[in-house]
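This report concerns only the one structure given below.
In full-length UniProt numbering, the protein residues as written are 1 to 921.
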């Protein structure tokens, strides 16, 4: 795809069509652009179009967006991926994109900056070492449109330092950045502050300059987050002087009449409070000399800003700074005077705990957002949460003092409420928050269960409230109560405790879903799920009425799935109902099938992606309660499971794999008779080729070996083993090795060690020796999981004691090393090391929409143990099998063990023999 005028014109046409509101025009254009993504020069063509100043700006922005999305989808490579971007295009992009980004109009610049961030996250600094220097060169232009582009990109690149785990690789990268960027950033801050002084009365210029300073302060936070860099410690006075000056500055020309949106000045001061809060919390020794001045400045700031929403983030960060200072013993003298505590309570804490008009509006007009902020903890940056945190910080050192001081305010607020509840109800609300802030100290004292149980009827009645917030809080409280644990660790409330209130509980919960605005209330559905779980068999009398309601709700939400949490708890509730009923009355399975299968069929036919994995999990649960052979209406579904399209969605695979395993477990003979074995093995082959999901392929293969009649798989086995070794040769990941070893030894347990050796040696003579030498001995210790390690140990015991080739044949020289390795599996800790060059991604990052897999807890099945019942104690089993072998080969084993086992391993073996009360002949 050459960069020609014709190709550019063609691209313009398709981009124009992607902007069409008509899906019949838009979608074909989008499909075409996706189809040419792998063509060489395609990204260069996009960037060329972005730079065409004679092209309409809408098309240039569209081209930039398409380029950004192309980079997001294709730049990152996992180990087995084939790159859709040619190497020459990768180099061309890195050569062109920074300069193009910085000299483009703002709408284009933001899109290209995002693309640079994505590329930088993968390639910087190893594959793009000149990125920082290239960006820094543009600082010399003194063009703040360009400079802000550099700063925005730097901020996007470096902000991941705030949340990444510490590692040597991260330290090396940060050091590289600091060595190259810290001084130019400081110099830029000095110059920009000077220019801001010159433009203090010119709003347009000042906005641009303060925009730069905001980005600089954000970058400062990222670069200082992991540890205080030496450069910034050496220049701490310069930075702190700027921060203090800016906190005390007031630029009248930047004042706005908007009470909702924070302006540049509010954003800047808020970030500075976050920066000094970081230093107060993590680098208090270096920050100590500046602390008093900043406390004074922040205190002054808090007493002058208003109650408007635009100041919320600033106030929150300012109070969090005071909290960071107050909780440190070194600085408690700044707060210990009674008049200071009184002033803090009166001027900072109470005003920011009060229920404001904007809170009341949110309560009435947007209850979902109100609930999200409060229940879900997204109020971390709210005034009220910050004020509560400040109270807790002060209580660490001044509990007695603040209790006395704050009690006076609480008394006064409650007296106001008593005089006129309608006018002063907010005083009571603030008093309650103030009391709970003082009394809650990171843990909740265990309330008497009788008291909690006695309050439940009152809470249940609140489910009738028409207020969404009130009945949601009631449902949330019920759900939390049913998760309480008794002192012994079990559930605090038994089903018999809840039985007397079950009728009102269930009726009111389901009635809550009828309230306007709560048809898909996730807290109510979660409470229903938790109530089913708490009641267990006590819920049975109600299910005849409730199951149709749940089914109707599923039918409704499947038309437009929009609340993922609600949907999840709905399926969990259905899973619980199925499990509770079917384990007590298997005949009831049919009734559930009649109710749910039509809905399931519709979901699968309509391909409602959000619900398909849930349906697979519920079908697996139904199969758990079926006897062999599998009923015909289930087997009719089986051909659908063999559709490769279903297995291409990452979100489907765990649920599909489990359903496939359930079919094999209950209907292996039916699958064989229907000649579907080829299809199942095709799915196994598909999964084996995916590094993210190869373990699911092994689960399916293991079930086939476990349940298909011996001999049926013979014609396929050589092909299967060839596939296994081909994958091992092309991609030897630790995760794959674990699965492969577990399968080999399960095969050994099921079909015998001689079958395993013959299959391997039929691929290549004496190949099993290489398997022992290069796979079993060096890597067995990496196998994880109790069941997997048990499978390996039992299979190895068979290999050691039942296989002539290993005992006295061509592989007999491995007998001692195999035994040594087996004892190591028993006694040594798991080897959880991962090679440095193994960068394995657990989840495929598939372009486009992907519904994530969500495991249904109540539809889950206990981990499958195919050895269960055969070998209770592998160590004792080894001792017993060795004893039988020694009878067949008198005096051979003691000499062999003495010659080959390390002394410590020999000691362990002696203990196994003594515990089993056997000896070797």
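Ideal placement from N, C-alpha and C gives every residue a C-beta, glycine not left out.
It is roughly 43 Å from the alpha-carbon of residue 82 to the alpha-carbon of residue 275. Cα atoms of residue 233 and residue 364: separation of roughly 49 Å, rounded to the nearest angstrom. Counting along the chain, no alpha helix (DSSP H) covers residue 328, and no H or E run does either.
In this chain, the alpha helix (DSSP H) harbouring residue 240 covers 236–248. Out of 695, 45 and 750, the CA that lies nearest to the CA of residue 711 is found in 750. In this structure the region 383–403 touches the region 316–335; the number of beta carbon pairs closer than 8 Å is three or more.
DSSP places residue 278 inside the alpha helix (DSSP H), whose first and last residues are 264–282.
Bounds of any alpha helix (DSSP H) do not take in residue 647, whose DSSP letter is neither H nor E. Residue 652 and residue 613 have their C-alpha atoms roughly 5 Å apart. Cβ contact annotation for residue 662 (same chain, cutoff 6 Å, sequence separation greater than five): 620 and 623, in chain order. DSSP lists 491 as the beta-bridge partner residues of residue 485. Taking a contact as a CB-CB distance under 8 Å, the pair residue 800 and residue 775 does not count as one, their CB atoms being some 16 Å apart. Judged by DSSP in its simplified three-state form, residue 257 adopts coil rather than helix or strand.
In this structure, residue 38 and residue 50 do not form a Cβ contact; the two beta carbons are roughly 20 Å apart against a cut-off of 8 Å. Judged by DSSP in its simplified three-state form, residue 608 adopts coil rather than helix or strand. Taking residue 279 as reference, the option from 307, 222, 505 and 308 with the minimal CA-CA separation is 222. Comparing C-alpha distances from residue 260 to each of 556, 308, 287 and 273 shows the shortest one belongs to 308. For residue 548, the closest C-alpha among the options 502, 598, 121 and 272 is that of 598.
If you draw a straight line from the Cα of residue 692 to the Cα of residue 396, it is about 48 Å long. For residue 239, the number of other beta carbons within 10 angstroms of its own is at least 16, and it is reported as buried. Residue 2 and residue 236 have their C-alpha atoms spaced approximately 53 Å apart. Rounded to the nearest whole angstrom, the C-alpha separation of residue 418 and residue 296 is 37 Å.
Per DSSP, reduced to three states, the secondary structure at residue 75 is coil, with no helix or strand assignment. Judged by their CB atoms, residue 535 and residue 498 are nearer to each other than the 8 Å cut-off.
Runs of the alpha helix (DSSP H) spanning 4 or more residues and lying entirely within the region 774–825 occur at 786–801 and 804–807, in chain order. Taking the Cα of residue 226 as reference, the smallest distance to any Cα among 165, 858, 127 and 743 is reached at 165. Between residue 438 and residue 391, the beta carbon gap of about 6 Å places them in contact (Cβ cut-off 8 Å). The way I'd put it, the region 604–618 doesn't touch the region 882–891; fewer than three beta-carbon pairs between them come closer than 8 Å.
Straight-line measurement puts the Cα of residue 565 at about 30 Å from the Cα of residue 357. Here the region 239–257 makes no contact with the region 171–180; the two share fewer than three CB pairs at distances below 8 Å. Closest option to residue 187, judged by alpha-carbon separation, among 667, 174, 213 and 207: 213. Nearest in C-alpha terms to residue 721, of all of 741, 666 and 707, is 741.
Contact check for residue 858 and residue 451: beta-carbon distance about 29 Å, past the 8 Å limit, so the pair fails to qualify. Within a 10 Å sphere around the beta-carbon of residue 257 sit fewer than 16 other beta-carbons, which makes this residue exposed. With 16 or more other Cβ atoms from the protein chains shown falling within 10 Å of its own Cβ, residue 880 counts as buried. By the neighbour-count criterion, in which 16 or more other beta carbons inside 10 Å mark a residue as buried, residue 454 falls on the exposed side.
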